[in-house]
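Shown next, in structure tokens, is the structure this report addresses.
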Amino acid sequence: MGEIPLFLAIKKSNLYIASLLLNKNANINIINKDKDNILTYLFKNNSLSKKTLKFILNKGIDINYKNKEGKTGIYYAVEHRNESFLKIILEHYILNNDFILKLLSLRKNNIKLEKSKLKQLLDYEFSKINFNEKEINTKNTALIVAIQLGNISIINKLLENGADVDESNNDGKTPLILACQFKKVDIAKTIILKYHANVNKKDVDLCSPINYAAEHNLIELINILLDYGADINNKNKFGHTPLITACLKNNITLSKLLLTRGANIHEKSEKLKTAIIYSCEKGCYEIVDTLIHNHANINEKDKEGLNPLMHACFSEHERIVDLLLENNVIINDQDYLGLTALMYTCIVGNERIVEKLIQNKACINMKDNNRKTALIFASEDGFLGIVKLLIEQGAEINDKDMDNFTALMYAIDNGFTSIAKYLINQGATVDHKNVECGYLLKRAILNGNKDIIQFLINSNVSMNERDKYGRTPLFYAANYGYSEIVKQLIDKGAEIQAIDNNGKNALMYIFNENHVNTDATQNYIDEEYDDLFDDEEEENDDKTETNSNNIYENILHILIENGINVLEKDANNKSTLMYACECKYANTNMIQYIIQHGGIVNDKNDVGITPLMFACINGNKHIINLLLDQGALINEKDETNRTPLIYASISNNMNAVERLLKEKENLHISERDNTNKTAYDYAVENDNSSILSLLAPYQ
Numbered sequence: 001m002g003e004i005p006l007f008l009a010i011k012k013s014n015l016y017i018a019s020l021l022l023n024k025n026a027n028i029n030i031i032n033k034d035k036d037n038i039l040t041y042l043f044k045n046n047s048l049s050k051k052t053l054k055f056i057l058n059k060g061i062d063i064n065y066k067n068k069e070g071k072t073g074i075y076y077a078v079e080h081r082n083e084s085f086l087k088i089i090l091e092h093y094i095l096n097n098d099f100i101l102k103l104l105s106l107r108k109n110n111i112k113l114e115k116s117k118l119k120q121l122l123d124y125e126f127s128k129i130n131f132n133e134k135e136i137n138t139k140n141t142a143l144i145v146a147i148q149l150g151n152i153s154i155i156n157k158l159l160e161n162g163a164d165v166d167e168s169n170n171d172g173k174t175p176l177i178l179a180c181q182f183k184k185v186d187i188a189k190t191i192i193l194k195y196h197a198n199v200n201k202k203d204v205d206l207c208s209p210i211n212y213a214a215e216h217n218l219i220e221l222i223n224i225l226l227d228y229g230a231d232i233n234n235k236n237k238f239g240h241t242p243l244i245t246a247c248l249k250n251n252i253t254l255s256k257l258l259l260t261r262g263a264n265i266h267e268k269s270e271k272l273k274t275a276i277i278y279s280c281e282k283g284c285y286e287i288v289d290t291l292i293h294n295h296a297n298i299n300e301k302d303k304e305g306l307n308p309l310m311h312a313c314f315s316e317h318e319r320i321v322d323l324l325l326e327n328n329v330i331i332n333d334q335d336y337l338g339l340t341a342l343m344y345t346c347i348v349g350n351e352r353i354v355e356k357l358i359q360n361k362a363c364i365n366m367k368d369n370n371r372k373t374a375l376i377f378a379s380e381d382g383f384l385g386i387v388k389l390l391i392e393q394g395a396e397i398n399d400k401d402m403d404n405f406t407a408l409m410y411a412i413d414n415g416f417t418s419i420a421k422y423l424i425n426q427g428a429t430v431d432h433k434n435v436e437c438g439y440l441l442k443r444a445i446l447n448g449n450k451d452i453i454q455f456l457i458n459s460n461v462s463m464n465e466r467d468k469y470g471r472t473p474l475f476y477a478a479n480y481g482y483s484e485i486v487k488q489l490i491d492k493g494a495e496i497q498a499i500d501n502n503g504k505n506a507l508m509y510i511f512n513e514n515h516v517n518t519d520a521t522q523n524y525i526d527e528e529y530d531d532l533f534d535d536e537e538e539e540n541d542d543k544t545e546t547n548s549n550n551i552y553e554n555i556l557h558i559l560i561e562n563g564i565n566v567l568e569k570d571a572n573n574k575s576t577l578m579y580a581c582e583c584k585y586a587n588t589n590m591i592q593y594i595i596q597h598g599g600i601v602n603d604k605n606d607v608g609i610t611p612l613m614f615a616c617i618n619g620n621k622h623i624i625n626l627l628l629d630q631g632a633l634i635n636e637k638d639e640t641n642r643t644p645l646i647y648a649s650i651s652n653n654m655n656a657v658e659r660l661l662k663e664k665e666n667l668h669i670s671e672r673d674n675t676n677k678t679a680y681d682y683a684v685e686n687d688n689s690s691i692l693s694l695l696a697p698y699q
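Be aware that the sequence shown starts at 1, since it is given in my numbering, and climbs by one per residue.
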């Protein structure tokens, strides 16, 4: 095993062999490969006995040796809670024969020692042991370990024999701080009263003993600390004084004690909160009352500009609100965002506190920095009772915020139908636009609130208002699949031939797979329709296409039956038929219906792409079948000389390639586009083995 003979002999308690080895010049302080001397080695291996300890002490073991963990024999004795080992070590060094003989000699010769001389003599004896060596990682001393373990007897022994009562570890924690932190009151009292520990030392969190004592409500200890000069207003890293801590914990007894002992009632935390602000936030009526009687400033503001009343309102502490109002708090004060106590109460929805504030002359129509009013907040958060109360007390129903939003618009956006209906019945403007031209009917459609949509239609709002994109409500209803709403809009006079800024009409929006992209648009569509957007690949030609009950098919019929222009083209010269052929959820019924009502099968957009090319990009072979049956030109080229087959290959649509190849007698398979590439070349480029296998025989 490679163990040192002396280590092995002592480990096995064979002290005779150990003595022989030492007599043969073995070194009692030899260090092994793990950087341990015999003492630390025996401690680590739990192989130390009292007899062995006395033996190695008498042989001159270095009691102050630190191993690679930074631990000494004293440290291990404390860590192992072995008081008897500690006693043996102390007696060996301090009550040894030399020291006793020295004292006896002085007495025999009638030499009297002054106290200072005796202390000097004792200090010299104490200095033989370094009690303050620190463990390498935590920098704990033996005394700190003893405090953590709570062994008062060992603590006394260490302190009586020279351990530093104020030595700290890596975290800046002294024995007294640890005693307070771990609620070891008797130990804390001992090291204050008997050993005069520094009561104002701070750890890395800037906590002194009194901060921890306050945290744990150690009343007796707090009094002792204060009697010995502890700073009653010491702040931890959060800026919390003991009084603030008491308020945070709703501790009325401690709060009163600290105030009696002179705590500064106006001290502020890092967030600039005072004791009364924390008490209003936490809801302890008795503490707030006590603080007010001790002249706390009830209008003090924190870092965000909130005063005690705002905190009490936001936390819904009604009795504290009453108390503050009785003491003439500034009711219409605003925080740094411009919010008032009334606004905060509307945000949390406490109707009774709203009523109290109004009774005490809270200004109903004040605006925050974003020009929001209490009514807007209540409407936005869905509190109908508060909305009614504010309207009854004279709230401006059509006030607009910085984004030009009204209370009604917020109610609609958040789906609060009852509030929206109430506001409209109370005279809210229904055709109001915000800066994004987001008029109410459009907003209701975007948010999928059919109750509000119906209510607005019945309220005779304008059917033809356009947003900044040039779209009317009909566009959005068609796009979102609301067939009944489409019908009602048309019946109410919606302009069916309207086109938007891109030249698109409502019919084209049926085939917009992703809902129109507008600010604040909620992607709304019932889950039952999700499968309509999946591209289903079918395995063979003989399988008959299943025409699902497409939610947009009815809308297509409604719009065409009501005379919408099927031949309309957008700004890119793209027709409804092209949009339909490109759309994943379009079916052959829809394509057939468009063609029957004038859709041009071989029409082209600005770059020469035909409906068949769009169908090949899409990959729906049933639509390709239909178009070919209707006379679509299979070899037509766009401006880049790409054919339907090339588009099918580029798009990796094997179904489309397979279907086109059935027309091989008429199909120009080897046509090249402007880049001199064929359909086969694109399949190679895309590494599409399925399409390559279909095209290879024609190369």
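Ideal Cβ placement from N, Cα and C applies to all residues, glycine included.
As the structure is a computational prediction, the values presented were derived from the model and not from experiment.
A520 - DSSP class collapsed to helix/strand/coil: Any answer about A520 is weak, because its pLDDT of 31 lies below 50 and its placement is not dependable; what the coordinates show is given next. It is coil, neither helix nor strand.
CB of N211 within 8 Å of CB of N236, strictly: yes
Counted within 10 angstroms of its Cβ, other Cβ atoms place D27 as buried (16 or more) or exposed: Residue identity differs from the one stated: residue 27 is Asn in this sequence, not Asp. Exposed, since its Cβ has fewer than 16 Cβ neighbours within 10 Å.
Inter-residue spacing [alpha-carbon to alpha-carbon] between I331 and K492: 49 Å
Identity of the residue in N64, N82, Y75 nearest Y93 by Cα: N64
Alpha helix (DSSP H) runs wholly inside the stretch 420-469, at least 4 long, in chain order: 440-446, 450-458
Y41: first and last residue of the uninterrupted alpha helix (DSSP H) it sits in: 38-44
Own chain residues within Cβ distance below 7 Å of D570, not counting five before or after: N502, G503, K504, M508
Those runs of the alpha helix (DSSP H) which lie wholly inside the stretch 200-283 and span at least 4 residues: 209-215, 219-227, 242-248, 252-260, 275-282
Per-residue DSSP class, three states only, for I147: Correct three-state label for I147: helix.
Pairwise C-alpha distance: E513 and K584: 7 Å
Per-residue burial, T675 [other beta carbons within 10 Å of its own, 16 or more giving buried]: exposed
Backbone CA spacing between E610 and S379 [nearest angstrom]: Just to set this straight, residue 610 is Thr in the shown sequence, not Glu. T610 and S379 have their C-alpha atoms spaced approximately 50 Å apart.
Spatial neighbours of G172 in its chain, beta-carbon cut-off 6 Å, leaving aside the 5 residues before and after: D203, V204
Cβ neighbour criterion (16 or more within 10 Å) applied to I144: buried
I499, DSSP secondary structure in three states: Three-state result, I499: strand.
L440 beta carbon less than 8 Å from that of I407: According to the sequence provided, residue 407 is Ala. The question's Ile does not apply to it. Result no, Cβ atoms of A407 and L440 do not sit closer than 8 Å.
Beta-carbon proximity of N170 to T138, cut-off 8 Å: Yes, they are a contact pair.
For A188 and A197, the rounded distance between their alpha carbons: If you take the alpha carbons of A197 and A188, they lie about 9 Å apart.
Simplified DSSP assignment, three categories, for S168: coil
K487 - containing alpha helix (DSSP H), residue span: 483-491
Separation of E658 from N540, as counted between CA atoms: For N540, the pLDDT reaches just 40, beneath the cut-off of 50, and the residue's location in the model is therefore unreliable, leaving the point undetermined.
Spatially closest choice to N365 from Y476, I496, D399, by CA coordinates: D399
Contact under 8 Å by Cβ, I38 with I61: With contacts defined by Cβ atoms closer than 8 Å, I38 and I61 form a contacting pair.
Cβ-Cβ distance between L218 and C180 below 8 Å: yes
Where G229 falls, given that 16 or more other Cβ within 10 Å makes a residue buried: Burial call: exposed.
Cutoff 6 Å; reference D302; Cβ partners in own chain excluding five residues on either side: K271, L272, K273, I277
Alpha carbon of A428 to alpha carbon of R261, nearest angstrom: 59 Å
Extent of the continuous alpha helix (DSSP H) run through D322: 318-326
Of the residues I353, T340, E355, the one placed nearest K367, counting alpha carbons only: T340
Rounded straight-line distance, which links the Cα of A246 to that of K184: 19 Å
Spatial distance of N625 from N554 (CA atoms): 23 Å
Within 8 Å, strictly: CB atoms of I485 and I453: yes
Integer-rounded CB distance, given that L176 should sit under 8 Å from I192: 7 Å
Contained alpha helix (DSSP H) runs [length at least 4] in the stretch 297-371, N- to C-terminal order: Within the stretch 297-371, the complete alpha helix (DSSP H) runs of at least 4 residues fall at 308-314, 318-326, 341-348, 351-359.
Boundaries (first-last residue) of the alpha helix (DSSP H) holding G385: For G385, the enclosing alpha helix (DSSP H) stretches over residues 384-392.
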